[in-house]
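Participant: The structure under discussion is supplied below as structure tokens; questions concerning it will follow.
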Amino acid sequence: MFLISLLTLSCGKREMPEKKVLNKNKLIVVASIAPYHDFAKQIGKDRIEAYLIIPSGESPHTFNPRPSQQKLIAKADLLIINGLGLEYWLDKMVDAAENKNLVVLKAAEGFPIITDLHHNHEHLNETTHEEKENKHKHDMGNPHLWLNPVYAISIVDKIKDTLKEADPVNGSFYSSNAEAYKLKLKELDKEIREKAKKWQTKDFITFHPSFEYFAREYGLNQVAVIEEIPGKEPTPRELKEIIDKVKKTKAKAIFAEPQFPAAIVKSIADETGIRVATLNPLPENYLEGMKENLRQLEKALGE
Ligand SMILES: [Zn+2]
21 MFLISLLTLS CGKREMPEKK VLNKNKLIVV ASIAPYHDFA KQIGKDRIEA YLIIPSGESP
81 HTFNPRPSQQ KLIAKADLLI INGLGLEYWL DKMVDAAENK NLVVLKAAEG FPIITDLHHN
141 HEHLNETTHE EKENKHKHDM GNPHLWLNPV YAISIVDKIK DTLKEADPVN GSFYSSNAEA
201 YKLKLKELDK EIREKAKKWQ TKDFITFHPS FEYFAREYGL NQVAVIEEIP GKEPTPRELK
261 EIIDKVKKTK AKAIFAEPQF PAAIVKSIAD ETGIRVATLN PLPENYLEGM KENLRQLEKA
321 LGE
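Per our numbering, the sequence shown runs over residues 21 to 323.
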């Protein structure tokens, strides 16, 4: 009898959810993409536990979530996502995690959304189910708001407010960290604005429509994209159309992205003689990553 109750006790102990123990000390914050993970860390520093869902080098458009990430969501306090269909694979995970206390912050909510994404998608009539889902997700508008530093400043405020609500004891800590970080973002914005003004060419081509908000903020033109539906490689005929389009534009540079294969970009560059550079839409360190993106743009458009 004694043995049985001891066994039950130890089993019970092992099944105790980790959550309660961890939550006593720090908020568990999970972010879908690297820039939001960075923002959370800049504001929460060592008073939160920050986790990232999409690892470096992978794209949210083609991402396959891991079972371990569902467990992470099950014990999280706050989940920061972009919304606008970027994390089209996430709803199932959140439902399955059955975390009633989870607060979900949709960072892209409340901004003016660019919706004129697809002008030449007639071929989508004969597509697979998966591609139809992709099209659906694009119908919600262009999701890449974080790449406009002016929006990033507002997003930092949103994350700060949400952290303060969840953990009022550390409220002033979160506020002062957010203010310090926002100053750096404002300097970044100023630097991009001043440099972009002087560039001779304003036209550029990207791999997918990632830098549209950035371009509009700083008077640049993303004149064409290679994959309007990210993850769907162009057919040989579509590739020829892109090459013709590139030849007609005044664009000086075509930008590859680290999350997608570089082969298509290279073949377009070989055909057209256009300069190739790299833009990273998902920098792990937002400030450094955006400064590197600025250097790449300046090298391509500023000369
Ligand atoms: Zn994207």
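Even glycine gets a Cβ: it sits at the ideal position worked out from N, Cα and C.
Measure the beta-carbon distance from Ala271 to Ile225 and round it to whole angstroms, keeping in mind my assumption that it falls under 8 angstroms.
Facilitator: Right, their Cβ atoms sit about 5 angstroms apart.
Participant: To the nearest angstrom, how far is it from the Cα of Leu205 to the Cα of Pro229?
Facilitator: One C-alpha to the other measures close to 23 angstroms.
Participant: Just to confirm, does Leu299 get its C-beta within under 8 angstroms of one of the non-hydrogen atoms of ligand 1?
Facilitator: Incorrect: Leu299 has no Cβ contact closer than 8 angstroms to ligand 1.
Participant: Restricting to Cα atoms, I'd like to know which of Ala320, Asn300 and Ile179 is closest to Asn313.
Facilitator: The candidate whose alpha carbon is nearest that of Asn313 is Asn300.
Participant: In angstroms with no decimal places, state the Cα-to-Cα distance between Ala297 and Glu323.
Facilitator: Looking at the two C-alpha atoms, the distance is approximately 14 angstroms.
Participant: Considering Val176, what are the terminal residues of the alpha helix (DSSP H) in which it resides?
Facilitator: Run containing Val176: Pro169 to Ala186, per the alpha helix (DSSP H) assignment.
Participant: Following a CB-centred definition, is Leu314 positioned closer than 8 angstroms to any heavy atom of ligand 1?
Facilitator: The answer is no for Leu314.
Participant: How about the segment 88-100 and the segment 189-205: do they share at least three Cβ pairs that are nearer than 8 angstroms?
Facilitator: No: fewer than three Cβ pairs fall under 8 angstroms.
Participant: Mind reading off the beta-carbon distance from Ser79 to Gln242? Whole number of angstroms is fine, and I expect it under 8 angstroms.
Facilitator: 18 angstroms between Cβ atoms; not a contact.
Participant: Taking only the alpha-carbon atoms, compute the straight-line gap between Phe193 and Gly64 and give it to the nearest angstrom.
Facilitator: For Phe193 and Gly64, the distance between alpha carbons rounds to 8 angstroms.
Participant: If distances are taken between C-alpha atoms only, which option among Glu232, Phe234, Ile249 and Trp219 comes closest to Ala2?
Facilitator: Absent from the model: residue 2. The displayed extent of the chain is 21 to 323, so no value can be given.
Participant: My guess is that Tyr171 and Phe131 are in contact by the Cβ rule of under 8 angstroms, so how many angstroms apart are they, rounded?
Facilitator: The pair is a contact, with the Cβ atoms about 6 angstroms apart (cut-off 8 angstroms).
Participant: Whose CA, out of Glu118, Asp290, Ala128 and Asn121, lies closest to the CA of Glu107?
Facilitator: Nearest of Glu118, Asp290, Ala128 and Asn121 to Glu107, Cα basis: Ala128.
Participant: Is Ser52 near ligand 1, judged by its Cβ being under 8 angstroms from some heavy atom?
Facilitator: No, the beta carbon of Ser52 sits no closer than 8 angstroms to any heavy atom of ligand 1.
Participant: Measuring straight from C-alpha to C-alpha, what distance separates Leu125 and Glu291?
Facilitator: Taking the straight line from one Cα to the other gives about 44 angstroms.
Participant: For Phe275, which beta-bridge partners are listed by DSSP?
Facilitator: Phe275 is bridged to Thr226 and Ala297.
Participant: From this set, Pro256, Asn162 and Pro169, which residue's C-alpha is nearest Pro250's C-alpha?
Facilitator: Per the Cα distances, Asn162.
Participant: Whose CA, out of Asp58, Asp115 and Ser287, lies closest to the CA of Ile175?
Facilitator: Minimum Cα distance to Ile175 is reached at Asp58.
Participant: Look at the alpha carbon of Ala60 and the alpha carbon of Thr269, and state the distance between them as a whole number of angstroms.
Facilitator: Each residue's alpha carbon lies about 40 angstroms from the other.
Participant: Is it the case that the Cβ atoms of Leu317 and Leu240 are separated by a distance below 9 angstroms?
Facilitator: In contact: Leu317 and Leu240 (Cβ atoms closer than 9 angstroms).
Participant: Judging by CA-CA distance, which residue of Lys91, Trp166, Lys178 and Ile74 is the nearest neighbour of Asn84?
Facilitator: For Asn84, the nearest C-alpha among the options comes from Ile74.
Participant: With DSSP collapsed to three states, give me the class of Lys270.
Facilitator: Correct three-state label for Lys270: coil.
Participant: Can you name, in chain order, every residue of its own chain whose Cβ lies under 8 angstroms from the Cβ of Met10, other than the five neighbours on each side?
Facilitator: A query on residue 10 cannot be resolved here, the shown segment of the chain reaching from 21 to 323 and no further.
Participant: Please work out which residues of its chain come closer than 7 angstroms, Cβ to Cβ, to Leu72, disregarding the five sequence neighbours upstream and downstream, and give them in chain order.
Facilitator: Closer than 7 angstroms at the Cβ level, and outside the excluded window around Leu72, lie Ala51, Ala54 and His57.
Participant: Measuring from the CB of Ser192, is there a heavy atom of ligand 1 at a distance below 8 angstroms?
Facilitator: No, since every heavy atom of ligand 1 falls outside the 8 angstroms radius drawn around the Cβ of Ser192.
Participant: For Lys204, which of helix, strand or coil comes out of DSSP?
Facilitator: Helix at Lys204.
Participant: How many whole angstroms separate the CB atoms of Ser76 and Glu237, which I take to be in contact at a CB cut-off of 8 angstroms?
Facilitator: So it is not a contact: roughly 25 angstroms between Cβ atoms.
Participant: Look up Ile101 in the DSSP assignment and say whether it is helix, strand or coil.
Facilitator: Ile101 falls in the strand class under three-state DSSP.
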